[in-house]
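**Q**
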Amino acid sequence: MEISNSRIAKILRDVAASYIIKNIGNIFQVRAYENAADSVEHSTTEVQDLWEEGRLEEIPALGEKIRSYLDELFKTGKVSHFAEIKKDIPEVVFELLDIPGIGPKLAQKIADLGIKSIEDLEIQIKTGSLVQKGFSAKLAQNIMEGLREVKNRGKRMLLPYAFVQAEKVVAYLKQSQDVIDVHPLGSLRRMVATVGDLDFSVSSNNNEKVVDYFCKMPGVSRVLDKGSYKATVALKSGIQLDLLVGEPNSYGALLQHFTGSKSHNIKLRELANQMGYSLSEYGVKRVEDGKIIQTKTEDEFYKLLGMRTPLPEIREDTGEIEAALRQAQGKLPGLPKLVESKNIKGDLHLHSNFPIKSPSHGPGGDTIEDIVKKARALNYEFVGIADHSPGFSTNSPQEIIKWVKERTNFIRELQKRTKSIRILNGLEIDILGNGSLSIPDEALVYLDYCIAGIHSGHRGTKEIITKRLLNALNNPYVDIVSHPTNRLLNERDSSDADWPQIFQAAAKNNKLLEINAFPNRLDLRDDLVRLALKSGVKLVVNTDAHQIEQMGNMLFGVAQARRGWATAKDIVNTWDWKNFAKWFNM
DNA sequence: GCCGTTTTCGGCCCGACTGTTTTCAGTCG
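Heads up: the first sequence begins at 2 in the numbering used here, then just goes up one per residue.
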């Protein structure tokens, strides 16, 4: 029985909470468990898999002690030390910890009242029973709001949706004459695939006015927190917004602080301590005299620490701080020169409404001509139409070949009339359950390129998924594997597969893996992009647009490439035509 | 409990907000 990373993290957090409740050990032992929990949660491979391979030491913040506890956990399903620590603490305490505003101490206090469940707690607040038992009305109210928040806590927003919501808030804030500058920060600025809350910084000399103005924004349903420099509000839509206001002279420190990530900031502050500095959103403080050196820009902030500014997308404490230090010292390897949207010269995964008999996954909504027109408007040098093909279940091999021929002729004719852009003839075909492709090889010879993807049986075992992908990567007609993990954000987890083996095969056979920019895919994921690059795999960023409007999603795919430390040379659709055509043997 | 180009001992990120604390504990980001 596999124990998930999030389950392991919860177990470790419960131990940390138990230490606090029972007042065992010191705060640093508690933090050690919390750090271990964070580290497990951020791990991009299953910790139990690493344990089976004897590689648990690769997870930071897991020392000798906790590793031995995990050893026991994976072998027996429980840890006697943890059971001992958690003894006499009611189970409801650990459930209550999931409610915002309730920490270990308060959870224990609630359990001490004899409350056995979250439902029970809710009833006791509503009936006034909690207040009768000695809780203040304000505290009861706070808990109630926390409970409501848990219930309303929707899924995380998809990045493009978060983008649009943030633009509205920025537009509102800019209307205030007290606002000098405003930026969306946090996970949105780091371009994480999904975003929880929306964070904003404002540069202003009139902080309290800005905070007031923010709290009065149309659509705000509740003000959750309000201070002189910050506020948190909930919108009627359920989205939570955080605002932090700073003075222009220290705005660089504010940007840095609120962009995160948390682990990046912690690593940075530890480093600063060693240099005799203390960091905060107000600037860089010299510990010896307590003087704060204000930083107007992020570059000034990072420069004081002796490093180049790492781009927001890679601020995850996965080596970027060390690289930024080396870069400033003229040592290698420095920071990567990340690929940019403007480097993109074409999109190879576009679905048209070209007539098709029983398409396997539904056609796109626009004509090939309109797609080509849109591609020209985006200043692309080439555009690849990659419709789904008819399959064997409803068509004979001869019918499929005939359809591919007709479509090929149509595209060739269109190219003759179109001089300003190269139109490539592709298809997106299925990798079937046995690893074979959904159309005959005799049809594939007509194509400029072939994208293969798994569109069924995503929940197969690791062995089966790996085998299907390897089969596709070993097929001479396949050029690209689309959306390799097949995750659907908020809906379906990534398929389980032996990624190192898959990346080795892709590199060896010169196959491309796709970074699919469709909002709920963003697949290949950022962490796997980085792993793939280390194996020498080349990538292609495609939008998988089914309507021409969706061709504008390219920047979100590029963002995932950037989060995976990709440079333009790693992404073939940034290459000039000569090199691009050479890769595809066109 | 973890960790190491000043350390295998002695440190461990920083600050805001809330409540009822008259100087601080708990919680959060």
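The C-beta atom is built at its ideal place from N, Cα and C for all residues, glycine as well.
1) If we count Cβ pairs, one from each stretch, closer than 8 angstroms, do we get three or more for the stretch 39-47 versus the stretch 16-23?
2) Report the rounded CA-to-CA distance for Arg564 versus Lys509, giving the unit in angstroms.
3) CA-CA distance, Lys583 and Tyr447?
4) Among residues of its own chain, excluding the 5 on either side of Pro337, which ones have a beta-carbon nearer than 7 angstroms to its beta-carbon?
5) Tell me which residues share the same chain as Ser251 and place their Cβ nearer than 7 angstroms to its Cβ, disregarding the 5 neighbours each side in the sequence.
6) Rounded to whole angstroms, how far is the Cβ of Glu370 from the Cβ of Arg423, which I believe are closer than 8 angstroms?
7) From Asn426 to Ala194, what distance separates their C-alpha atoms?
8) Would you identify the three-state DSSP class for Ile301, choosing helix, strand or coil?
9) With 16 as the cutoff for other CB atoms within 10 Å, does Asp348 come out buried or exposed?
10) Under a three-way DSSP split, which group does Ala604 fall into?
11) So within the stretch 95-122, which uninterrupted alpha helix (DSSP H) runs reach at least 4 residues, ignoring any that extend past its ends?
12) For Ser495, name the three-state secondary structure that DSSP assigns.
13) Looking at the secondary structure, which residues open and close the alpha helix (DSSP H) in which Arg564 lies?
14) Whole angstroms are fine: how far does the CA of Thr233 sit from the CA of Glu168?
15) In angstroms, rounded to a whole number, what distance separates the CA positions of Asn517 and Lys156?
16) Alpha helix (DSSP H) containing Asp50: first to last residue?
17) Hey, how far is the Cα of Ile549 from the Cα of Lys375?
18) Tell me whether Glu35 counts as near the ligand NAP, meaning its Cβ is closer than 6 angstroms to at least one heavy atom of that ligand.
19) Output yes or no for whether 7 angstroms exceeds the beta carbon distance between Leu556 and Ala507.
20) Measuring straight from C-alpha to C-alpha, what distance separates Asp89 and Lys11?
21) Taking the beta carbon of Met192 as the centre, do at least 16 other beta carbons fall within 10 Å, making it buried, or is it exposed?
22) Would you mind working out which of Ile111, Leu98, Pro391, Thr395 sits nearest Glu407, comparing C-alpha positions?
23) In the DSSP assignment, what are the bridge partners of Gly247?
24) I think Leu98 touches Ala108, with their Cβ atoms under 8 angstroms apart; what is that distance to the nearest whole Å?
25) Straight-line CA distance for Leu186 to Thr462?
26) Under 7 angstroms between the Cβ atoms of Val196 and Ala172?
27) So, at 6 angstroms on beta carbons, what are the nonlocal neighbours of Ile67 in its own chain, with the 5 sequence-adjacent residues on each side left out?
28) Would you check if the stretch 72-82 and the stretch 298-318 touch, i.e. whether three or more CB-CB distances between them fall below 8 angstroms?
29) Do Ala387 and His362 count as a contact pair if the criterion is CB distance below 7 angstroms?
30) Let me know the secondary structure DSSP gives Ile440 once reduced to three states.
31) With burial defined as no fewer than 16 other Cβ atoms inside 10 Å of the residue's Cβ, what is the status of Arg460: buried or exposed?
32) Pull up the distance between the alpha-carbon of Pro485 and that of Ala453, whole angstroms please.
33) Going by the CB atoms, is the gap between Val538 and Phe504 shorter than 7 angstroms?
34) The beta strand (DSSP E) that contains Glu429, what's its start and end?
35) Once DSSP output is grouped into helix, strand and coil, what is the label at Ala232?
36) Determine which residues share a DSSP beta bridge with Phe383 and list them.
**A** So, to answer that:
1) no
2) 24 angstroms
3) 18 angstroms
4) Trp566, Thr568
5) Tyr283, Gly284, Gln295, Thr296
6) About 15 angstroms separates the two Cβ atoms, so there is no contact after all.
7) 30 angstroms
8) Reading off the sequence shown, one finds Glu at residue 301, where the question assumed Ile. Glu301: helix per DSSP, three-state reduction.
9) buried
10) As shown, the chain starts at 2 and ends at 587. That puts residue 604 outside it, with no answer to give.
11) 105-113
12) coil
13) 555-564
14) 17 angstroms
15) 21 angstroms
16) 48-53
17) 7 angstroms
18) What this structure holds is no ligand at all, so the ligand NAP is not there to describe.
19) no
20) 18 angstroms
21) buried
22) Pro391
23) Ser204
24) 6 angstroms
25) 38 angstroms
26) no
27) Ala37
28) no
29) no
30) coil
31) exposed
32) 9 angstroms
33) yes
34) 423-431
35) strand
36) Gly347, Arg423
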